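Chemist: So in our numbering, spot 315 of the sequence shown is number 315, and the numbers just go up one at a time.
Where a beta carbon is used, it is the ideal one built from N, C-alpha and C, also for glycine.
Because the structure is a prediction, the values reported are computed rather than measured.
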Amino acid sequence: MILTYIEQDREKVNEASFEALTLARQLAEQTNAPLHAITIGSAADELVERLGAFGVRTLHVASSEALSAGNTAVEYAPAAYAQSIVEIIHAQKPAAVLAAGSERGNEIMAHVAAKTNLPMAANCIEVQAGDAYIVTRQRWGGSLFEQAKLKGATKLLTVAPNSIPVVTNSFVAQTVGTNKFVTTLSENDLRTRIISRVETSSGKVSLGEARVVVGGGRGVGSAEGFKILEELADLLGGAVGGSRVVTGLGWRPHADQIGQTGNRIQPELYISCGVSGAIQHLVGAKGAKHILAINTDPDASIMYKADYAVIGDLHQVVPAISAEMRKRRG
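As structure tokens, this is what we get:
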């Protein structure tokens, strides 16, 4: 059996889970093993239907009174979530467990590895089955690929975000069975937990979901300088982000940071304004389908990664784009 953790946050599925599920299905086909999935909390009908398109045979749904939606004291606890996966490992003995290489996915799987003393490989992009799996994974923010052997009765691995095209098995109608169970938790499983949140967004499109992202770097010049970027993003129905330098200077909140230690975006279009293109920033933007770079420096690193480049002052170029858009919309 090959098992995939389907990550949910307040009953909203992280789409990166389906990248992990795509790789899991490839692995299941290599080994002629059934494909299962596990989620924590609840499973909506639309989730079960989506899993059927991947050929998932059974969805294991873990619950716990301590983590129930009605319990405001605990919202998320990595060790508690990991315990649900550990119980499935002990009961079902899967050949491998996969999860998205998101912050939560990596955190939960690290706890699973610690609880079971099993090996784990993070940020994988390819797997070849065998007595020992041959995994190819991203290192150093995606600037290096490493090939390694992964051994163990159950192999644990996470899938690098934006590295696997999601492919469903639309030709096979698969009815997904459900196995609901209650996780047995200890006090130690709840030592680290989220008990409340302070929302910083104002109802606008989030960076992770935006089809268009307008990002600013040091070249924007100031916090006030981001107003023209916000105007363009509003016209495009997109979101505004910034480089690490920008958040470090306090021009934008850390939640807006694009990069290896910030948000990893995957829009249809990323418009970078005054961004030099440090490797950490490029790692965060590598999921963009197209990049338009606006910069006065023709030799900036991001200009070599961009599909389109405008060599010019963003303070003139960006307002001109916005003006043209308003003109065309009448």
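Here's a check: name, in chain order, each residue in its chain whose Cβ is nearer than 6 angstroms to the Cβ of isoleucine 311, leaving out the five neighbours to either side.
Modeler: The count along the sequence shown starts at 1 and reaches residue 311 at position 311. Same-chain partners within the cutoff: Pro298.
Chemist: Go through the region 69-116 residue by residue and report every complete run of the alpha helix (DSSP H) that reaches 4 residues or more, in order.
Modeler: Fully enclosed alpha helix (DSSP H) runs of 4 or longer: 78-92 and 103-116.
Chemist: Let me confirm a value: valine 198 is counted as buried when at least 16 other C-beta atoms fall within 10 Å, else exposed. Which label applies?
Modeler: Numbered from its first residue, the sequence shown carries residue 198 at position 198. With fewer than 16 Cβ atoms within 10 Å of its Cβ, valine 198 is classed as exposed.
Chemist: In this structure, how does DSSP classify phenylalanine 226 when only helix, strand and coil are distinguished?
Modeler: As a working mapping, residue 226 is identified with position 226 in the sequence shown. Three-state result, phenylalanine 226: helix.
Chemist: Could you tell me if glycine 177 is buried or exposed, where buried requires 16 or more neighbouring beta carbons within 10 angstroms of its beta carbon?
Modeler: Here residue 177 is taken as the residue at index 177 of the sequence shown, counted from 1. With fewer than 16 other Cβ atoms within 10 Å, it is exposed.
Chemist: At which residue ranges does the region 265-292 contain complete beta strand (DSSP E) runs of 3 or more residues, listed in the order of the chain?
Modeler: Whole beta strand (DSSP E) segments, 3+ residues: 269-273.
Chemist: State the Cα-Cα distance for the pair alanine 20 and valine 97, rounded to the nearest angstrom.
Modeler: Here residue 20 corresponds to residue number 20 of the sequence shown, with the count starting at 1. Here residue 97 corresponds to residue number 97 of the sequence shown, with the count starting at 1. Spanning the two alpha carbons is a distance of roughly 10 angstroms.
Chemist: Taking the alpha-carbon positions, what's the threonine 4 to valine 159 distance?
Modeler: Position 4 of the sequence shown, counted from the start, is the residue given in the question as residue 4. Position 159 of the sequence shown, counted from the start, is the residue given in the question as residue 159. Each residue's Cα considered, the two are about 11 angstroms apart.
Chemist: Cα-Cα, which of His111, Lys151, Val112 and Ala110 is closest to glycine 130?
Modeler: Translated into the one-based positions of the sequence shown, residue 130 becomes position 130. Checked all of His111, Lys151, Val112 and Ala110; the closest Cα to glycine 130 is Lys151.
Chemist: Report yes or no: do three or more beta-carbon pairs, one from the region 78-85 and one from the region 178-194, lie closer than 8 angstroms?
Modeler: Short answer: they touch.
Chemist: If we call anything under 8 angstroms between Cβ atoms a contact, is isoleucine 265 one with alanine 288?
Modeler: For the purposes of this step, residue 265 is taken as residue 265 along the sequence shown, with counting starting at 1. For the purposes of this step, residue 288 is taken as residue 288 along the sequence shown, with counting starting at 1. Yes, these two residues count as a Cβ contact at 8 angstroms.
Chemist: To test your reading of the DSSP string, which unbroken beta strand (DSSP E) runs of 3 or more residues are found completely within the region 175-225?
Modeler: With a minimum length of 3 residues, the continuous beta strand (DSSP E) runs that stay inside the region 175-225 are 177-182 and 212-216.
Chemist: Measuring alpha carbon to alpha carbon, tell me which residue in Asp45, Glu46, Met120 and Gly52 is nearest leucine 35.
Modeler: Here the question's residue 35 lines up with position 35 in the sequence shown. Per the Cα distances, Gly52.
Chemist: Give a yes or no on contact between the region 53-64 and the region 99-106, applying the rule of three or more CB pairs nearer than 8 angstroms.
Modeler: The region 53-64 vs the region 99-106: no contact.
Chemist: With DSSP run on the structure shown, which of helix, strand or coil describes leucine 67?
Modeler: What you label residue 67 is simply residue 67 of the sequence shown in a count that begins at 1. Helix, per DSSP.
Chemist: Quick test of your reading: proline 94 and isoleucine 164, contact by CB under 8 angstroms. State the CB separation rounded to the nearest angstrom.
Modeler: Within the sequence shown, numbered from 1, the residue matching residue 94 stands at position 94. Within the sequence shown, numbered from 1, the residue matching residue 164 stands at position 164. Going by Cβ atoms, the distance from proline 94 to isoleucine 164 rounds to 19 angstroms, so no, they are not a contact pair.
Chemist: Taking the continuous beta strand (DSSP E) assigned at glutamate 126, which residues delimit it?
Modeler: Looking up residue 126 in the sequence shown gives position 126. Where glutamate 126 is concerned, the enclosing beta strand (DSSP E) stretches over 120-128.
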